[in-house]
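Residue numbers (this note's numbering): -3 to 112.
Below is one structure, written out as structure tokens; comments come after it.
Dropping the structure here:
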């Protein structure tokens, strides 16, 4: 089992920045993918960004150039630096941990609200 705890969600004005963190604990596999997904009201959950243990990253087109995902493998923690935030970035952001066998674990989510 893997437990994920997210933090960093907040209310921020358009153009502002936030940094989300997700700490993983439990049975940590050497090979895994960690990432962030988000779900806005009335919409399906979507991938925002992911990063492998080897450091390979993947981003949704809507956040490329604005968001940066990184990880500290020693701390089993993944971060999402979000800059130039837009109202359409408002969503519940979920941390995801995928094992090398394809099993998914999810955090409970952290709320990001972008509004003036």
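Positions of the beta carbon are idealized from the N, C-alpha and C atoms, including for glycine.
Remember, it's a predicted structure, so these values are computed and weren't measured experimentally.
| Item | Value |
| --- | --- |
| Chain-order list of residues whose beta-carbon lies under 6 Å from that of residue 95 (same chain, five-residue window excluded) | 25 and 28 |
| Spatial neighbours of residue 56 in its chain, beta-carbon cut-off 8 Å, leaving aside the 5 residues before and after | 42, 43, 44 and 45 |
| Cβ neighbour criterion (16 or more within 10 Å) applied to residue 54 | exposed |
| Short Cβ contact (7 Å threshold) for residue 31 with residue 16 | no |
| Rounded C-alpha distance that separates residue 48 from residue 10 | 30 Å |
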